[in-house]
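Structure below.
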């Protein structure tokens with residue numbers, strides 16, 4: 014028996030080793046190909062890291078962490094580092110539609126730069142409305158040049174939803190006043206891949222929340238194309254960097270779930286990774302803000318935490334260089350990586366059981382209680398009338414059976 | 085003097101399923117409402133407690149048990165050699181009988197509907213509705229169980245039902261629908277129990293005891 018297990022283990026190990034060897038080979042081939050094909054770097058990553066005061070050791074530590082986050086074995090550490098050095102050579106066109114630019118802000122603003130941020134800064138952005146110096150016709154020319162220079166080579170990153178109502182006229186951009194729909198259709202048709210950053214471009218987010226006056230939709234829905242959705246409000250930079258690294262290493266986007274989100278980042282729920290999960294299972298809940306439970310770091314389920322319904326890796330990678338994340342900071346998850354979370358996750362600071370229909374106190378349970386009350390009243394009335402009728406007929410006639 | 089004839093109405097399998105469902109549904113309702121509104125227990129060390137975990141295990145266990153009971157009932161409905169076939173759910177198709185039944189229940193008329201099927205016409209409609217409710221609550225339940233695990237049977241079912249999960253607006257929508265359907269069960273139980281008592285009183289056929297003994301008493305003229 015034991016020998017059988019050992020034999021099976023050995024076979025499994027061999028198979029895994031073979032799989033990884035194949036993956037390593039593919040990865041090396043693709044990285045070599047990228048070395049030849051991509052435009053050369055203006056400033057190598059090593060120099061940039063040095064000038065920012067990040068040591069080689071920190072960089073290697075970062076590549077080990079990122080390898081683990083991507084669910085790859087340690088043999089890929091050096092490949093992740095190599096891909097990171099190529100990161101700045103991928104041409105990127107970054108479009109903004111109906112959104113708040115919070116995702117760009119989340120990526121750019123840090124108290125001190127970490128490796129993820131520095132790598133993002135090396136990104137060769139051909140067009141980015143918030144960052145570029147050019148304006149007006151000059152900006153439009155930059156976009157046109159990027160499309161001309163790198164057809165089918167650049168990655169199109171989109172931030173923001175597309176209002177589709179009124180022929181898309183709720184959103185017009187640039188000197189020529191083109192609608193978001195036109196710009197998006199033109200750019201995505203020439204892109205090697207489309208990455209949607211944030212819940213707006215992924216699923217529509219707050220623009221698409223009820224009553225959705227502009228008929229806003231996520232990019233995939235609005236254009237009918239397949240996109241990689243890095244959802245979140247804002248999403249974690251790690252998830253974006255990891256996805257691009259995967260593209261550089263294997264020449265393809267990582268496996269996606271049925272909503273287009275990379276499985277390595279969005280495969281499990283907040284609830285599954287949550288550091289407060291033991292308090293959930295034990296039955297220790299925060300009842301109101303600032304109570305003993307809150308001070309002890311208990312579960313936020315009764316404060317409306319939507320972690321059980323939300324797929325994301327926030328608890329694992331956290332935000333701002335791993336300093337904290339919403340639940341760690343003491344507020345429940347509000348489910349920002351899920352489609353239509355403003356509607357489906359409401360009320361955000363109460364459990365789903367307290368969702369109201371048509372306002373007021375009309376929760377499922379109150380409606381249920383009212384219906385149960387009506388049913389009980391009906392039963393009593395029916396019983397009473399039946400009783401009175403039978404009392405009225407002293408000699409009870411045998412009920413006539415038809416059949 | 086009135087004479088009665090004993091008639092076998094409910095076979096053992098049906099009675100077993102009925103009372104299993106009763107226990108299961110009551111356990112599920114109580115544990116389900118606890119999961120929706122858990123009680124906070126601050127006493128003792130976290131490591132020594134597993135209250136919510138245990139109640140969720142109980143809820144999942146009985147949920148899966150309900151699934152198997154439904155499969156068993158569906159099997160009987162399709163292949164039973166005794167009186168338990170699905171045709172009884174079509175009792176409402178006799179519209180004339182249906183109207184007679186409604187009039188009788190509303191105490192408008194004294195005329196009883198014909199005993200064509202094992203169920204009355206309205207009863208068959210209510211049970212069809214219950215079957216739909218049961219399918220819906222089991223599916224939403226399995227989706228939520230599936231989300232809890234990374235491998236095994238429930239994960240397989242969960243990924244199979246993924247399109248339904250997305251159509252319902254993610255796990256939050258699934259959870260809400262699960263909660264709404266639970267109320268359907270409560271309302272059904274209220275009406276079902278009252279009707280059983282009422283029928284027992286009016287028909288005097290021993291309807292309530294029939295779900296234990298399996299036999300009803302029909303008057304012989």
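Protein chains in written order, with my numbering: chain A, 14 to 416; chain B, 85 to 305. By construction, the Cβ of each residue, glycine as well, lies at the ideal position given by its N, Cα and C atoms. What you are looking at is a predicted structure, and each value in this text was computed from that prediction instead of being measured.
Neighbour flag for residue i against chain B, beta carbons, 8 angstroms
i, result
"residue 369 of chain A", "no"
"residue 388 of chain A", "yes"
"residue 341 of chain A", "no"
"residue 321 of chain A", "yes"
"residue 348 of chain A", "yes"
"residue 185 of chain A", "no"
"residue 27 of chain A", "no"
"residue 357 of chain A", "yes"
"residue 271 of chain A", "yes"
"residue 223 of chain A", "no"
"residue 21 of chain A", "no"
Any C-beta of chain A under 8 angstroms from that of residue i
i, result
"residue 88 of chain B", "no"
"residue 134 of chain B", "yes"
"residue 171 of chain B", "no"
"residue 92 of chain B", "no"
"residue 227 of chain B", "no"
"residue 165 of chain B", "no"
"residue 246 of chain B", "yes"
"residue 103 of chain B", "no"
"residue 267 of chain B", "yes"
Residues bridged to residue i (per DSSP)
i, result
"residue 208 of chain A", "A/170, A/241"
"residue 332 of chain A", "A/337"
"residue 28 of chain B", "Absent from the model: residue 28 of chain B. The displayed extent of chain B is 85 to 305, so no value can be given."
"residue 230 of chain A", "A/175"
"residue 106 of chain B", "According to DSSP, residue 106 of chain B bridges with nothing at all."
"residue 138 of chain A", "A/105"
"residue 111 of chain A", "A/174"
"residue 88 of chain B", "B/303"
"residue 312 of chain A", "A/298"
"residue 186 of chain A", "A/191"
"residue 376 of chain A", "A/369"
"residue 324 of chain A", "A/282"
Where residue i meets chain A, residues with beta-carbon distance less than 8 angstroms
i, result
"residue 122 of chain B", "296, 298, 314, 315"
"residue 282 of chain B", "395, 396, 399"
Residue i: contacting residues in chain B (beta-carbon distance under 9 angstroms)
i, result
"residue 230 of chain A", "Within 9 angstroms Cβ-Cβ: nothing; residue 230 of chain A doesn't reach chain B, min ~15 angstroms."
"residue 402 of chain A", "191"
Where residue i meets chain B, residues with beta-carbon distance less than 7 angstroms
i, result
"residue 292 of chain A", "130"
"residue 353 of chain A", "253"
"residue 365 of chain A", "256, 259, 260"
Neighbour list for residue i in chain B, Cβ cutoff strictly below 8 angstroms
i, result
"residue 306 of chain A", "124, 126"
"residue 392 of chain A", "274, 275, 278"
Partners in chain A for residue i, counting only beta-carbon separations shorter than 7 angstroms
i, result
"residue 264 of chain B", "377"
"residue 137 of chain B", "294"
"residue 270 of chain B", "381, 385"
"residue 231 of chain B", "282"
"residue 95 of chain B", "The contacting residues do not exist; residue 95 of chain B stays about 22 angstroms from chain A at best."
Chain-ordered neighbours of residue i on chain A, where CB pairs are closer than 9 angstroms
i, result
"residue 250 of chain B", "271, 272, 352"
"residue 176 of chain B", "Those within 9 angstroms of residue 176 of chain B in chain A number zero; the least Cβ separation is about 16 angstroms."
### Message
Which complete beta strand (DSSP E) runs does the segment 216-302 of chain B hold, if anything under 3 residues is left out?
### Response
none
### Query
Touch check for the segment 293-305 of chain A and the segment 122-142 of chain B: three-plus C-beta pairs under 8 angstroms?
yes
### Message
Three Cβ pairs or more, each shorter than 8 angstroms: is that satisfied between the segment 245-264 of chain A and the segment 194-201 of chain A?
### Response
no
### Task
Would you be able to state if there are at least three C-beta pairs under 8 angstroms between the segment 207-226 of chain B and the segment 173-181 of chain B?
yes
### Query
Within the chosen definition, does the segment 346-355 of chain A reach the segment 136-149 of chain A through at least 3 CB pairs nearer than 8 angstroms?
no
### Query
Does the pairing of the segment 261-280 of chain B with the segment 216-234 of chain B give three or more beta-carbon distances under 8 angstroms?
yes
### Query
In chain order, which continuous runs of the alpha helix (DSSP H) of length 4 or greater are located wholly inside the segment 259-306 of chain A?
276-279, 283-286, 290-295
### Query
Are the segment 274-283 of chain A and the segment 110-119 of chain B touching, with three or more C-beta to C-beta distances below 8 angstroms?
no
#### Entry: the segment 97-106 of chain A in contact with the segment 167-180 of chain A per 3-pair CB rule at 8 angstroms
yes
### Task
Please confirm if the segment 204-214 of chain A is in contact with the segment 236-246 of chain A, defined as three or more CB-CB distances below 8 angstroms between the two stretches.
yes
### Message
Quick test of the definition: if touching needs 3 or more C-beta pairs under 8 angstroms, does the segment 149-162 of chain B touch the segment 99-112 of chain B?
### Response
yes
### Query
Is there contact here, the segment 359-369 of chain A with the segment 228-240 of chain A, by at least three beta-carbon pairs under 8 angstroms?
no
### Message
Report the start-end ranges of each alpha helix (DSSP H) in the segment 130-175 of chain B that is 4 residues or longer and not cut off at the edges.
### Response
135-163
#### Entry: Segment contact, 8 angstroms Cβ cut-off, at least three pairs: the segment 83-99 of chain A with the segment 179-198 of chain A
no
### Query
Is the number of C-beta pairs between the segment 74-81 of chain A and the segment 261-273 of chain A that are closer than 8 angstroms three or more?
no
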